[in-house]
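As structure tokens, the structure follows; a few thoughts come after it.
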Amino acid sequence: MRLRALLDTDALGLRLLGGEDELDRTVRGVMTTDLKDPSRYLSGGELVLTGLAWRHGAADSEPFVRILAAAGVAALAAGEAELGDIPEDLVLACVRHRLPLFAVHESVAFATITEHVVRQVSGERAGDLAAVVDRHRRMMTSGPAGGGPDVVLDLLGTDLDLRAWVLSPTGRPIAGSKLAGAALPADVSAKLAAEHLAAARTGRRGPHRVLLGTTTYSLFPIRSSGRSAAASRDVRETVLSDWLLAVEADAGDWPAERLDLLQGVTQLIAVERDRRDAARTVRRRLAQEVLELVQTGAAPAEIAARLRVAAPVLLPGLGAAPHWQVVVARVEWDGGEIDGGPVAQSLLEEILVDPLTSGPEHSDRIAVAHTGEEAIALVPLPAVSAEHDGSESGILADTLLEAVRDPLSAGLNDDGRLTLGVSAAVHSAEGLRGALEEARHARRVAAARPGRVCAAGHQELASHVLLLPFVPDDVRRAFTARLLDPLRDYDRRHRAELIPTLEAFLDCDGSWTRCATRLHLHVNTLRYRVGRIEQLTGRDLSRLEDKLDFFLALRMS
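In the numbering used here, the protein residues as written are 47 to 603.
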């Protein structure tokens, strides 16, 4: 807004004392101060309000005004409540430095002026930003993207002073404004994603406000504008793959115009998301073709030829065929009315990205197909990274689980489940069929575990846990009941903690000393408890066979 507009507002009670030729200056903000030197708090363009408490004599006016002029403020407004008339030395100092000076009537509160200026400036900025966003939208929809989401977020930063980030459903940073500076801490991003998913599952309309520590964030969903999303009738079909816009501000008291502007920003980012999704079509087709060849038992040479076509698309510039890794995912909803295959496919395309990287382009190297309720990802690994130790290169199930468990559990709520299986890296077409079966077996192992989000890797398939998912449920229940129910009943009646004692004893490999230390018990007390376990179950914990039976019963319970 212009200084001239302030004089035209009678409610502000302003009287011009000097600087009539400078009334076309633009006001970009407002600041109230009674400091002798407020320079550290000035950035230029402010209307400075002062009650003159800093002035103890005529000599104080010149340095104060000089500081304001050097900072590039728009004007100075001095209140008449403290001294009555504005001192002549202040008027002359403002004339010397060409700084417009207003007198504020004693009946007008500085808060009234501040509120008016902030409202006007914010409205003008929002209008300017809306025009820029509209131009950017037309540019993006008619041709190549004009810089992606970062450009739009930079507009929020420069025009509305808003720090904002685009996050994936798991909290991975996709874009951020320059004003935002460094990326959000990983734990903050994950919490924001979890809050967003939980709110989306309740059907509440955004923005969702979240208080973390002393900082308030407003979360705006970014929904695809494509036909597939428009046709979706159930939030569960898209909630696990939608992005969100996190703004470091409380949108609860925003005017409708600003809320509409932010909704426009989310739509603009959604266009970029749709463009990226369209680019995935080729990669999805490649994955589908390779999967069909593998599952139908095609010759390794035919599969290898298809992989040679896929490699340059997924890892351009490598110059050599990479190693490959397979990840299998299954999303299941209670009732079974939601097709889990496409949901799992979109989800894998989001989560199979290094959480330490940012931007949407990193997911361009992942090809995901789906068949029935199952999604299968073909992940290329540079051969260099897999040559040292193929068993530990690439994606690790534990690392993947840690990055996605908390946010996605909130999105799955109480009626959904995600299970993941990860294969070892293979370096040839001959190994791809085995990698697929390995990933599927690992997913079944994960499915046998409790929890909304579970994962298992190929390392676990060489142990007893491979067998557990294939034990029928009725056999599991009978086996665990026969061994553990007598101990559970005894614990309920006597609060004896026999089950925790048994778990600790087996975990310490039957060492009396280590187990007693862990449980903070005397060895004799531990021997008494173990003796009671043996008495109630008829088993002998000195025998390997009985230890193994107890171990499996605890794992399956």
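All residues carry an ideal CB built from backbone N, CA and C; glycine is no exception.
Helix, strand or coil: how does DSSP classify residue i here?
i: residue 294; result: coil
i: residue 77; result: strand
i: residue 111; result: helix
i: residue 262; result: strand
i: residue 301; result: coil
i: residue 152; result: coil
i: residue 160; result: helix
i: residue 498; result: coil
i: residue 310; result: helix
i: residue 212; result: strand
i: residue 53; result: helix
i: residue 585; result: coil
i: residue 472; result: strand
i: residue 577; result: helix
i: residue 101; result: coil
i: residue 72; result: strand
i: residue 61; result: strand
i: residue 269; result: coil
i: residue 147; result: strand
Does the beta-carbon of residue i, which I'm using as the reference point, lie nearer than 7 Å to any heavy atom of the ligand MN?
i: residue 307; result: Summarising the ligand content, the structure contains no ligands, and the ligand MN is consequently not present.
Could you name the residues of the same chain whose beta carbon sits closer than 7 Å to that of residue i, not counting the 5 residues immediately before and after it, in chain order?
i: residue 275; result: The predicted position of residue 275 is uncertain, since its pLDDT is 43 and thus under 50; a value taken from the coordinates is nonetheless stated next. Counting only Cβ-Cβ distances below 7 Å, and skipping sequence neighbours, we find 269, 284.
i: residue 522; result: 602
i: residue 359; result: 328, 329, 332
i: residue 298; result: 255
i: residue 461; result: 379, 380
i: residue 292; result: 210, 211, 213, 238, 263, 265
Grab the span of the beta strand (DSSP E) containing residue i for me, first residue to last.
i: residue 378; result: 369–379
i: residue 467; result: 462–468
i: residue 492; result: Note, residue 492: premise wrong, no beta strand (DSSP E); alpha helix (DSSP H) at 478–493.
i: residue 222; result: 219–222
i: residue 253; result: Here residue 253 belongs to no beta strand (DSSP E), and DSSP marks it neither H nor E.
i: residue 425; result: 420–427
i: residue 86; result: Segment: none, residue 86 is in no beta strand (DSSP E) and carries neither H nor E.
What first and last residue would you give for the alpha helix (DSSP H) that runs through residue i?
i: residue 416; result: Element bounds for residue 416: not the alpha helix (DSSP H) but the beta strand (DSSP E), 413–417.
i: residue 242; result: 232–248
i: residue 396; result: 386–397
i: residue 591; result: 590–602
i: residue 92; result: Segment 92–96 is the beta strand (DSSP E) holding residue 92; no alpha helix (DSSP H) there.
i: residue 197; result: 195–206
i: residue 453; result: 443–458
Just tell me which of the options has its CA closest to the CA of residue i.
i: residue 375; options: 324, 332, 392, 51; result: 392
i: residue 468; options: 224, 478, 497, 52; result: 478
i: residue 282; options: 451, 457, 313, 232; result: 457
i: residue 211; options: 219, 559, 447; result: 219
i: residue 319; options: 233, 288, 345; result: 288
i: residue 486; options: 421, 450, 454; result: 421
i: residue 280; options: 230, 84, 385, 504; result: 385
i: residue 242; options: 347, 578, 256; result: 256
i: residue 233; options: 217, 224, 222, 223; result: 217
i: residue 97; options: 474, 71, 130, 224; result: 130
i: residue 449; options: 597, 542, 394; result: 394
i: residue 572; options: 559, 536, 107, 144; result: 559
i: residue 316; options: 213, 260, 231, 229; result: 213
i: residue 455; options: 55, 480, 499, 109; result: 499
Ignore the nearest five residues each way along the sequence and tell me which others in residue i's own chain have a CB closer than 8 Å to its CB.
i: residue 435; result: Summary for residue 435: the model assigns pLDDT 44, below 50, so the residue's position carries little reliability, and this model does not support an answer.
i: residue 335; result: 352
i: residue 580; result: 586, 587
i: residue 593; result: 552, 556, 587
Near residue i, which residues of its chain fall below 6 Å by C-beta distance, leaving aside the five closest residues on each side in sequence?
i: residue 526; result: 599, 602, 603
i: residue 445; result: none
i: residue 140; result: 64, 111, 147
i: residue 401; result: Note that residue 401 has pLDDT 45, beneath the 50 cutoff, so the model's placement of it is unreliable and no number is given.
- Message: As an exercise, report each continuous beta strand (DSSP E) stretch of at least 3 residues that is fully enclosed by the stretch 501–572, in chain order.
- Response: none
- Message: Going residue by residue through the stretch 119–145, where are the continuous alpha helix (DSSP H) segments of at least 4 residues, counting only ones entirely within it?
- Response: Whole alpha helix (DSSP H) segments, 4+ residues: 134–142.
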